[in-house]
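Chemist:
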Amino acid sequence: MSNPTLDAFLASHERQGHDGDVLATVAALTGAALAINNGIRSGTLGSAFGGTTGAVNADGDTQKDLDIYADDIFLEAMRRAPVRCVASEERVAP
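Note that our numbering has the sequence shown beginning at 6, numbered continuously upward.
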């Protein structure tokens, strides 16, 4: 027996009456995670992720280039998802 894809799993739950907004948000987060993974693994960005921005995030940590890259991708994914507000340690305000 093969395991279902995430899309098939989410579609089956939506057919069972589960909240479509939650399922769409999970799908958007998954897509963002895959995009980040692909960006890192491709190597085309290479050393671009090794540095820091010189800025400090909301927690007082020095922001790394990878932090900003990932945060931007997740934020864009949430803009396309049924989400009203996004909080991130990389941003001062939601």
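All C-beta atoms, glycine included, are put in the ideal place defined by N, C-alpha and C.
Where does A60 fall in DSSP's three states?
Modeler: Walking along the sequence shown from the start, residue 60 turns up at place 55. Reduced to three states, the DSSP call for A60 is strand.
Chemist: Between V27, L15, S7, which lies nearest to R85 when the distance is taken from Cα to Cα?
Modeler: Taking the first residue of the sequence shown as position 1, residue 85 is located at position 80. If we check each option's Cα against that of R85, V27 comes out closest.
Chemist: Can you tell me where the alpha helix (DSSP H) holding T67 begins and where it ends?
Modeler: Position 62 of the sequence shown, counted from the start, is the residue given in the question as residue 67. Where T67 is concerned, there is no enclosing alpha helix (DSSP H), although the beta strand (DSSP E) it sits in stretches over 67-69.
Chemist: Considering only residues of the same chain and omitting the five flanking positions on each side of D76, which have a CB-CB separation below 8 Å?
Modeler: By 1-based counting over the sequence shown, the position of residue 76 is 71. Around D76: S93, E95, R96.
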